[in-house]
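One line per chain: the protein sequences are E and Y, in this order.
Remember, this note's numbering sits 94 above the position in the first sequence when you count from 1.
Remember, this note's numbering sits 94 above the position in the second sequence when you count from 1.
In this text, a Cβ means the ideal position worked out from N, Cα and C, and glycines have one as well.
Just so we're clear, the structure is a prediction, and the values are computed from it rather than from any experiment.
Protein chains: 2
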Amino acid sequence: MARYDFSGQRLFVDAPLAAGARAELTREQFSYLTTVLRLGEGARLLVFNGRDGEWEARLTLASRKSGGLAVEARTRAQEGGADLHLLFAPLKHARLDYMAQKAVEMGASRLAPVMTRRTQAARVNLERLRANAVEAAEQCGVLTIPEVIADQPLPAALAALAPERLLIFCDEDAEVADPCAALDASGAAGRPLAVLIGPEGGFDPAEREMLIARPNALRLSLGPRILRADTAAVAALALVQARLGDWPRRAGAAQRRGPSEA
Amino acid sequence: MARYDFSGQRLFVDAPLAAGARAELTREQFSYLTTVLRLGEGARLLVFNGRDGEWEARLTLASRKSGGLAVEARTRAQEGGADLHLLFAPLKHARLDYMAQKAVEMGASRLAPVMTRRTQAARVNLERLRANAVEAAEQCGVLTIPEVIADQPLPAALAALAPERLLIFCDEDAEVADPCAALDASGAAGRPLAVLIGPEGGFDPAEREMLIARPNALRLSLGPRILRADTAAVAALALVQARLGDWPRRAGAAQRRGPSEA
Numbered sequence: 095m096a097r098y099d100f101s102g103q104r105l106f107v108d109a110p111l112a113a114g115a116r117a118e119l120t121r122e123q124f125s126y127l128t129t130v131l132r133l134g135e136g137a138r139l140l141v142f143n144g145r146d147g148e149w150e151a152r153l154t155l156a157s158r159k160s161g162g163l164a165v166e167a168r169t170r171a172q173e174g175g176a177d178l179h180l181l182f183a184p185l186k187h188a189r190l191d192y193m194a195q196k197a198v199e200m201g202a203s204r205l206a207p208v209m210t211r212r213t214q215a216a217r218v219n220l221e222r223l224r225a226n227a228v229e230a231a232e233q234c235g236v237l238t239i240p241e242v243i244a245d246q247p248l249p250a251a252l253a254a255l256a257p258e259r260l261l262i263f264c265d266e267d268a269e270v271a272d273p274c275a276a277l278d279a280s281g282a283a284g285r286p287l288a289v290l291i292g293p294e295g296g297f298d299p300a301e302r303e304m305l306i307a308r309p310n311a312l313r314l315s316l317g318p319r320i321l322r323a324d325t326a327a328v329a330a331l332a333l334v335q336a337r338l339g340d341w342p343r344r345a346g347a348a349q350r351r352g353p354s355e356a
Numbered sequence: 095m096a097r098y099d100f101s102g103q104r105l106f107v108d109a110p111l112a113a114g115a116r117a118e119l120t121r122e123q124f125s126y127l128t129t130v131l132r133l134g135e136g137a138r139l140l141v142f143n144g145r146d147g148e149w150e151a152r153l154t155l156a157s158r159k160s161g162g163l164a165v166e167a168r169t170r171a172q173e174g175g176a177d178l179h180l181l182f183a184p185l186k187h188a189r190l191d192y193m194a195q196k197a198v199e200m201g202a203s204r205l206a207p208v209m210t211r212r213t214q215a216a217r218v219n220l221e222r223l224r225a226n227a228v229e230a231a232e233q234c235g236v237l238t239i240p241e242v243i244a245d246q247p248l249p250a251a252l253a254a255l256a257p258e259r260l261l262i263f264c265d266e267d268a269e270v271a272d273p274c275a276a277l278d279a280s281g282a283a284g285r286p287l288a289v290l291i292g293p294e295g296g297f298d299p300a301e302r303e304m305l306i307a308r309p310n311a312l313r314l315s316l317g318p319r320i321l322r323a324d325t326a327a328v329a330a331l332a333l334v335q336a337r338l339g340d341w342p343r344r345a346g347a348a349q350r351r352g353p354s355e356a
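If you want it as structure tokens, here you go:
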């Protein structure tokens with residue numbers, strides 16, 4: 095794809111992607127591309143749909159108010175991401191948006207808001223959370239949109255976890271002071287994982303007992319300072335991805351981030 | 095300190111702290127405590143000054159417009175923090191505030207804005223950066239305020255680093271794919287460290303050459319997805335603190351976070 099007409103845009107479309115296919119744009123997407131970004135006929139972008147990999151596509155205008163994409167060549171094959179759920183006590187407004195973006199950047203495959211006794215926020219706006227996840231996925235180069243599920247109380251969320259999924263939760267009083275040693279000792283590299291970030295006021299004693307009592311749970315200590323929930327999420331996910339997840343690259347695996355230089 | 099009158103506030107004051115001492119409040123601090131928080135005579139808070147540890151103090155009102163603190167009992171002894179500099183290409187506005195907060199939560203002892211060729215932001219507002227560092231330090235429980243230095247071009251910032259300070263910078267093409275292995279191999283646990291977060295557009299080729307050529311430098315790979323600068327900062331600092339810094343607790347060391355229960 096010639097560099098001079100690549101718009102730099104990367105878009106999620108809910109349509110099959112193959113050479114020669116046409117993909118429809120939603121009204122919002124069309125408006126954003128043409129009115130906000132002022133792209134015109136022939137502008138090039140990258141598209142993905144969560145199942146067919148990533149493709150180069152060309153904007154085609156049917157009229158001033160509608161158009162679609164002509165799908166051309168595949169840039170990246172679909173690959174499975176990590177099986178990594180992020181459970182988190184919801185925050186308010188902009189901080190919740192931020193949490194969603196960071197979770198996607200850090201490779202979470204599911205976002206699961208969890209209501210705890212000390213949670214301050216009201217019920218979660220799922221549409222907003224999903225929209226944030228889509229936008230973050232478009233911008234950070236992932237090939238799938240994380241699943242966003244409805245908020246549920248902590249006990250229900252725990253009961254819904256598959257027993258083989260390791261639950262990692264942040265606990266100042268974790269018995270192993272070294273978080274990397276704790277993760278290594280889990281033996282859980284490559285296995286299904288869940289990271290739980292509690293509310294800013296912490297878990298209450300009954301909740302902590304419930305978490306500690308769960309078989310296949312790991313308590314992670316995140317250092318001597320107080321971390322805000324969104325900081326803790328990124329920090330915990332960094333340690334988990336680096337020790338147990340998809341950060342260490344396979345020898346020789348190249349990472350494609352943008353359009354081909356052809 | 096009786097729990098019922100602890101205000102939950104923690105304040106940095108630039109005054110000596112000792113039992114029986116009086117500490118002045120700035121006009122802004124007094125106004126915030128009395129007008130915004132509506133605290134009155136006798137309200138209790140925690141104070142620290144970066145050198146004498148953390149103390150319980152009681153608000154005393156001289157008039158409606160001024161007052162001070164009666165310093166009472168020490169809650170925590172002063173301890174040295176990690177010697178960990180964060181060098182970062184500045185971001186704009188709220189994202190810069192956010193970067194400062196995260197750096198403090200993650201234990202940085204110096205914030206050093208660095209201008210690179212692809213840096214988008216204008217010169218840094220140092221007063222704002224310092225104010226953010228103070229507020230973050232008050233809220234996350236640290237005993238010192240990180241030093242905030244003036245922005246400088248990348249070559250000058252590198253030249254100013256002491257040779258024995260390990261420079262850790264994030265590089266998608268790091269030769270060691272496993273970031274934890276790379277950190278372990280550095281042998282730098284407990285030594286002076288600097289973490290460099292580049293601009294969102296990355297370092298240009300000449301800058302990368304300069305970084306790679308520096309003796310005592312370590313390239314860190316942060317996974318296969320594109321991370322925003324503030325995400326990369328928290329992720330890199332988490333790995334560095336967990337492997338080389340102050341996250342693994344010494345056996346038996348208790349962490350004091352709030353006023354004594356007495």
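Q: Please name the residue, chosen from Y:GLY162, Y:GLU173, Y:ARG158 and Y:LEU119, that lies closest to GLY144 of chain Y on a Cα-to-Cα basis.
A: With respect to the C-alpha of GLY144 of chain Y, the residue from Y:GLY162, Y:GLU173, Y:ARG158 and Y:LEU119 having the closest C-alpha is Y:GLU173.
**Q.** Alpha-carbon to alpha-carbon, ARG285 of chain E and LEU338 of chain E
**A.** Between the alpha carbons of LEU338 of chain E and ARG285 of chain E lies a gap of roughly 8 Å.
Q.
For LEU180 of chain Y, tell me which candidate among Y:LEU290, Y:THR120, Y:PHE106 and Y:ALA282 has the shortest Cα-Cα distance.
A. The option with the nearest alpha carbon to LEU180 of chain Y is Y:LEU290.
Q) Does the Cβ-Cβ distance between LEU287 of chain E and LEU205 of chain E come in under 7 Å? A) No, the pair does not count as a contact, with Cβ atoms beyond the cut-off.
Q: Please classify PRO342 of chain E: does DSSP put it in a helix, a strand, or coil?
A: Under the three-state reduction of DSSP output, PRO342 of chain E falls in the coil class, being neither helix nor strand.
Q) At a Cβ threshold of 7 Å, is GLN103 of chain Y touching chain E? A) GLN103 of chain Y does not count as touching chain E.
Q.
If I measure Cβ to Cβ from ALA329 of chain E and keep anything under 6 Å in the same chain, skipping five residues before and after, which residues do I get?
A. For ALA329 of chain E, where only same-chain residues beyond five positions count, the Cβ hits under 6 Å are LEU316.
Q.
For PRO110 of chain Y, count the other beta carbons within 10 Å of its own beta carbon; 16 or more makes it buried, fewer makes it exposed. Which is it?
A. It is exposed - the Cβ of PRO110 of chain Y has fewer than 16 other Cβ atoms within 10 Å.
Q. Hey, does GLY136 of chain Y have any beta-carbon neighbour from chain E nearer than 7 Å?
A. Taking Cβ atoms only, chain E never reaches closer than 7 Å to GLY136 of chain Y, which makes this a no.
Q: Could you tell me how far apart the beta carbons of GLU199 of chain E and THR325 of chain Y are, in whole angstroms, since I believe they sit closer than 8 Å?
A: Contact between GLU199 of chain E and THR325 of chain Y is confirmed by a C-beta separation of about 5 Å, below the 8 Å threshold.
Q. Chain Y beta carbons: is any one of them nearer than 7 Å to that of GLY317 of chain E?
A. Yes, GLY317 of chain E lies at the interface with chain Y (some Cβ there is under 7 Å from its Cβ).
Q | Beta-carbon spacing of PRO318 of chain Y, ARG212 of chain Y below 7 Å | A | It is not a contact, given that the beta carbons lie outside the stated cut-off.
**Q.** Proximity winner among E:GLY147, E:ASN310, E:GLY161 and E:PHE182, relative to THR120 of chain E (alpha-carbon distances)
**A.** Here the closest residue by C-alpha is E:GLY161.
Q: Consider the Cβ of VAL228 of chain Y: report whether some Cβ of chain E lies at a distance smaller than 7 Å.
A: Not one chain E Cβ lies under 7 Å of VAL228 of chain Y.
Q. How long is the line joining the alpha carbons of GLN123 of chain E and ASN219 of chain E, rounded to whole angstroms?
A. One Cα belongs to GLN123 of chain E, the other to ASN219 of chain E, and the distance between them is close to 21 Å.
Q) Roughly how many angstroms separate the alpha carbons of ALA256 of chain E and VAL107 of chain Y, rounded to a whole number? A) When rounded, the separation of the alpha-carbon atoms in ALA256 of chain E and VAL107 of chain Y is 50 Å.
Q | Residue closest to ALA225 of chain Y, alpha-carbon to alpha-carbon, out of Y:VAL242, Y:LEU277 and Y:ARG322 | A | Per the C-alpha coordinates, the member of Y:VAL242, Y:LEU277 and Y:ARG322 positioned closest to ALA225 of chain Y is Y:VAL242.
Q | Buried versus exposed call for ARG217 of chain Y [16 or more other C-beta atoms within 10 Å across all chains shown] | A | For ARG217 of chain Y, the number of other beta carbons within 10 angstroms of its own is below 16, and it is reported as exposed.
Q.
Could you tell me which whole alpha helix (DSSP H) segments of length 4 or greater appear in the stretch 152-207 of chain E?
A. With a minimum length of 4 residues, the continuous alpha helix (DSSP H) runs that stay inside the stretch 152-207 of chain E are 187-199.
Q: Could you please tell me which residues of the stretch 199-213 of chain E, in chain order, have their CB closer than 8 Å to any CB of chain Y?
A: Within the stretch 199-213 of chain E, the residues whose Cβ lies closer than 8 Å to some Cβ of chain Y are GLU199, MET200 and GLY201, listed in chain order.
Q) Counting only beta-carbon atoms, is ILE306 of chain Y nearer than 7 Å to chain B? A) As a matter of chain content, chain B is missing from the structure shown, whose protein chains are E and Y.
Q. For ARG351 of chain Y, which residues from the same chain have a beta carbon less than 6 Å from its beta carbon, with the 5 sequence-adjacent residues on both sides left out?
A. Confidence is the limiting factor: at ARG351 of chain Y the pLDDT is only 38, short of 50, which leaves the residue's position unreliable, though a coordinate-based value still follows. Taken in chain order, the residues that qualify are GLY235.
Q | Listed by chain order, chain Y residues near VAL289 of chain E by CB distance under 8 Å | A | Simply none; closest approach about 13 Å.
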